[in-house]
Amino acid sequence: MANDNTARTAVSVYGRGAGASTAARASVGPTVSTNSGDSAKQPTFIFDRFLERHLRYTKKRIVYHPSEITTLCLTAEVDFKKHYKDESCVVKIKRLPLYIVGDIHGNWRQLLRVFNVLGLPGDKAYLFLGDYINAYYGFREELKTRFNLGDADSVYKHINSVFRYLPLCAVVAGEKILLKALKLPRDIVAQQRDTTLPKNFFPQEHPLDLDILWADPNGDVDGFEYNEARQSSVWFGPQEVYATCERLGVKLIVRAHQAFNRGFGFFAGKRLVTLFGATDYVVKGSFAGILHLQLGKAQDKKGNPNGKDEIQAGIILFRPATKETKGKQKFIQEYENFPEAEEDEETQLEILGKVNEFFLVHLKFVDT
1 MANDNTARTA VSVYGRGAGA STAARASVGP TVSTNSGDSA KQPTFIFDRF
51 LERHLRYTKK RIVYHPSEIT TLCLTAEVDF KKHYKDESCV VKIKRLPLYI
101 VGDIHGNWRQ LLRVFNVLGL PGDKAYLFLG DYINAYYGFR EELKTRFNLG
151 DADSVYKHIN SVFRYLPLCA VVAGEKILLK ALKLPRDIVA QQRDTTLPKN
201 FFPQEHPLDL DILWADPNGD VDGFEYNEAR QSSVWFGPQE VYATCERLGV
251 KLIVRAHQAF NRGFGFFAGK RLVTLFGATD YVVKGSFAGI LHLQLGKAQD
301 KKGNPNGKDE IQAGIILFRP ATKETKGKQK FIQEYENFPE AEEDEETQLE
351 ILGKVNEFFL VHLKFVDT
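Residue numbers (the UniProt record's numbering): 1 to 368.
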């Protein structure tokens, strides 16, 4: 269950951080046993101090008291219930600019790089598309190595409870851009069906929800076929993307959960884009791509402002930071050297449905 639920979408918006921090400042409960079996008083949990331990990157393993994790989870549940009071699994985001991040796969250092370059949540708005840990069905076993059995089960239960409250989808800027937690479902019969799915569910019990989490695009598929690679859900072809965009009235579908060496890949005439947020993942030196959405002034065919506003999109590329990878020209060269055969045939630096120069102009290379 943990792996289904860790695929969900997380939202970080302006002003949310302060409330969560304040809510987490209370002392936690009675004495519990640690992993060694010794009895220890639970520490006073202060969110800001807990966060500071993680913002100071170190190669040393961070040691947790189980009460820190459970208190953080309970605080998160309260925060979700406070800010997202309806029972829908879809969250609507109106605020721009917005940074959209794909798979992290436990790459905490890469996440800190993103925050260092783009700004911390609270100051900036982020939307994360899932795959936060890199466990491959081993998360519960890792907890057992950190805590005694009772504490491990408690932490596992609380973490899964939080993920069950995370939304599956987000709609940005007046339903123009649909952000699936990961995938495109095969049987969305109407937009209302998609926006009324309950948040608190088990994906195994809901075939449509399982498709949202696990279906993948495949250019060789006409319609839908069983996804043999994952042994779950389906592959869907480009025509299904076009039909879904038309049916739901969206211009672009953004997803994650699929590795691209260049950090992103387009599909179905750029009506669907896949983001991958972890560097150095499948292939050494692979990039991470983050989608940046902002409201800008539209231009006519001659490049002159026409007085209208439009949503503008750009992709910010990160690569593994080493002493050997500094410099913009080398950055671009390494990006271009990835074999095209390994990527979606439409993975190009182009604006979504507009002029080819857009991403080249607005692309930001990050090698710090």
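Here a beta-carbon is modelled for each residue, glycine too, at the ideal position from N, C-alpha and C.
Keep in mind it's a predicted model, so treat the numbers as computed, not measured.
### Query
How long is the line joining the alpha carbons of residue 22 and residue 68, rounded to whole angstroms?
Summary for residue 22: the model assigns pLDDT 27, below 50, so the residue's position carries little reliability; its value from the coordinates is reported in the next sentence. So the alpha carbons of these two residues sit roughly 15 Å apart.
### Message
Strictly by DSSP, which residues pair up with residue 103?
### Response
276
### Task
Would you mind sorting residue 216 into buried or exposed? The rule is 16 or more other CB atoms within 10 Å of its CB.
buried
### Message
Taking 8 Å as the limit between beta carbons, can you name the residues of its chain near residue 43, skipping five residues before and five after?
### Response
28, 65, 67 and 68
### Query
Since residue 450 contacts residue 104 with CB under 8 Å, what's their CB separation in whole angstroms?
Since the first residue of the chain shown is 1 and the last is 368, residue 450 is not available in this structure.
### Task
Hey, could you find the ends of the beta strand (DSSP E) residue 224 is sitting in?
224-226
### Task
Determine, using beta carbons only, whether residue 119 and residue 256 come nearer to each other than 8 Å.
no
### Query
Would residue 142 be called buried (16 or more neighbouring beta carbons within 10 Å of its own) or exposed?
exposed
### Task
Name the two residues that bound the continuous beta strand (DSSP E) containing residue 255.
252-255
#### Entry: Candidates 321, 313 and 333: closest to residue 100 by CA position
313
### Message
I'd like the span of the beta strand (DSSP E) that includes residue 292, first residue to last.
### Response
288-299
### Query
Counting along the chain, where does the alpha helix (DSSP H) carrying residue 160 start and finish?
149-163
### Query
Three-state secondary structure (DSSP) at residue 320?
coil
### Query
Taking the alpha carbon of residue 91 as the point to measure from, which residue in 227, 320, 173 and 298 has its own alpha carbon closest?
173
### Task
May I ask you to report which of helix, strand or coil DSSP gives residue 130?
coil
### Task
Report the three-state DSSP secondary structure of residue 115 (helix, strand or coil).
helix
### Query
How do the region 267-281 and the region 211-225 stand: do at least 3 beta-carbon pairs fall below 8 Å, yes or no?
yes
### Task
Report the rounded CA-to-CA distance for residue 221 versus residue 260, giving the unit in angstroms.
20 Å
### Task
Identify which residue in 60, 211, 275 and 116 has its Cα closest to the Cα of residue 127.
275
### Query
Does the beta-carbon of residue 110 have 16 or more other beta-carbons within 10 angstroms, so that it is buried, or is it exposed?
buried
### Message
Less than 6 Å between C-beta atoms, sequence neighbours within five positions excluded: which residues of the same chain meet that for residue 152?
### Response
143 and 144
### Query
Helix or strand or just coil, what does DSSP make of residue 96?
coil
### Message
Once DSSP output is grouped into helix, strand and coil, what is the label at residue 313?
### Response
strand
#### Entry: Neighbour-count burial assignment, residue 231, 16 or more Cβ in a 10 Å radius
exposed
### Query
Rounded to a whole number of angstroms, what is the C-alpha to C-alpha distance between residue 134 and residue 308?
43 Å
### Task
Would you kindly work out how many angstroms separate the C-alpha atoms of residue 82 and residue 165, rounded to a whole number?
12 Å
#### Entry: Reduced DSSP category for residue 236 - H, G, I as helix; E, B as strand; rest coil
strand
### DSSP three-state assignment for residue 171, whether helix, strand or coil
strand
### Task
Find the nearest neighbour of residue 284 within the set 262, 160, 311 and 50, judged by alpha-carbon distance.
262
### Query
Hey, out of 244, 225, 158 and 239, whose CA is closest to residue 78's CA?
158
### Query
Which residue from 242, 93, 51 and 248 puts its Cα closest to that of residue 223?
242
### Query
How would you label residue 289, buried or exposed, when you count the other beta carbons within 10 angstroms and need 16 or more for buried?
buried
#### Entry: Residue range of the unbroken beta strand (DSSP E) whose run includes residue 80
From DSSP, residue 80 is part of no beta strand (DSSP E) but of the alpha helix (DSSP H) over 66-83.
### Task
Have a look at residue 171 and residue 85 and give me their C-alpha separation to the nearest angstrom.
17 Å
### Query
What three-state label does DSSP hand residue 241 in the structure shown?
helix
### Query
Are the beta-carbon atoms of residue 234 and residue 291 separated by less than 8 Å?
no
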